[in-house]
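Beneath this line is the structure, given in structure tokens, with notes to follow.
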Amino acid sequence: MSIRKLALSAAAALALGTGPALSAGGVGEITDFHFSFEGPFGSYDRAQLQRGLQVYTEVCAACHGLQYVPFRTLTQDSGPALSPEAMRAFAAQFEIFDREIDDWRPAEGPDHFPPSQMETAPDLSLMAKARIGFEGPYGLGINQFFRGLGGAEYIASFLLGYDGREEMQAGAMFYYNKAYDGWVSMAPVLWEDGVEYADGTPATMEQQAKDVAAFLMWAAEPGLAERKRSGLVGVIFLTLLASLLYLTNKRLWAPVKNAAKGKTKDA
Ligand code: HEC
């Protein structure tokens, strides 16, 4: 392939990734929702994470666990940033089985969220990293390089991806999901105003889907903002170092170069 052709197909590949909805190999229709944690300066939106936590608690927790997430992390400043009292009060709503006392007790800060209550519902702790929303064309990963893996986009699209088709298969109900690009056993769970947000945000279906997706992204990757920041510092540092090296190099060899130039002039 000529360089020109290669450049053209690379440009085409990039252009493909900018549409609002795309469908590519293996994943269904994923909407490219905007999230505050995208881009090199992105960070989690505290209010959104708190709303997402509310949606998780009121809607998803009936079936899905979050067993790798300790309650105390809810106080994290770059996360939902609950006050220690609010976090403890929140944790106390959950009962966990304590092996030491061989009995159930209200959960406390160091405890984790409970595992899934429904056997077939996967744990959601790492779901935002396990699912990929953006598949680069031809598996090149170009989309992923520019826009991340799209786990949050996948989750939000999945929650909004029902088209109303249902089917009984082997005695169980299945629902068609456009984001999954197939039949799933999870029924639609979001409704307009299905939750009443504590902060007064109108609870449209899309709002709930995005909020819980952002919350699950945080659960899977609580250090995202910090990592981005140190990555950026690294890039700035390396750029500075590279320019200094370039200048030093020029300076060092200048006499030699000038001498060589003088010689050729003489000759
Ligand atoms: C009534 C139980 C129930 C509720 C409530 C529920 N789910 Fe599910 N969920 C399931 C089951 C069962 C599956 C497995 C579906 C399958 O693989 O066919 C599933 C699968 C999923 C998946 C994985 C899809 C995939 O790509 O494999 C995600 C993501 C998910 N649920 C998110 C959520 C979120 C977020 C909420 C809350 C807004 C929620 N679920 C509420 C039962 C539930």
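Just so we're aligned, residue 3 is where the sequence shown starts under our numbering, counting upward by one.
By construction, the Cβ of each residue, glycine as well, lies at the ideal position given by its N, Cα and C atoms.
Asked	Found
Around the C-beta of residue 19, are 16 or more other C-beta atoms found within 10 angstroms, so that it is buried, or is it exposed?	In this prediction, residue 19 scores a pLDDT of 43, lower than 50, which makes its location untrustworthy; no coordinate-derived value is stated.
Near residue 82, which residues of its chain fall below 6 Å by C-beta distance, leaving aside the five closest residues on each side in sequence?	51, 52, 55, 76
Is any heavy atom in ligand 1 found nearer than 6 Å to the beta carbon of residue 122?	yes
Using the C-alpha atoms, what's the distance from residue 183 back to residue 98?	36 Å
Pull the bridge partners of residue 100 from the DSSP assignment, please.	105
How would you call residue 245, buried or exposed, if buried means at least 16 neighbouring beta carbons within 10 angstroms?	exposed
Using a Cβ-Cβ cut-off of 7 Å (strictly less than) and excluding sequence neighbours within five positions of residue 186, which residues of its own chain qualify?	176, 177, 179
Please report how far the alpha carbon of residue 2 lies from the alpha carbon of residue 151, in whole angstroms.	Because the chain here runs from 3 to 269, residue 2 falls outside it and cannot be looked at.
Looking at C-alpha atoms only, which residue of 157, 88, 255 is the closest neighbour of residue 58?	157
Are residue 71 and residue 118 closer than 7 Å when you measure CB to CB?	no
For ligand 1, I want to know if residue 66 counts as a neighbour, meaning its beta carbon is within less than 6 Å of at least one of the ligand's heavy atoms.	yes
Name the DSSP bridge partner or partners of residue 72?	114
Assign residue 185 to one of three DSSP states: helix, strand, or coil.	strand
How long is the line joining the alpha carbons of residue 262 and residue 249, rounded to whole angstroms?	19 Å
Answer yes or no: the CB of residue 89 versus the heavy atoms of ligand 1, is any distance below 6 Å?	no
What do you reckon, is the C-beta of residue 186 under 6 Å from a heavy atom of ligand 3?	Absence of ligand 3 is noted for the structure shown, with ligand 1 being the only ligands found.
Taking 7 Å as the threshold (C-beta atoms), are residue 207 and residue 192 in contact?	yes
Can you give me the C-alpha to C-alpha distance between residue 136 and residue 215, rounded to a whole angstrom?	15 Å
Would the C-beta of residue 160 count as close to ligand 1, meaning under 6 Å from any of its heavy atoms?	yes
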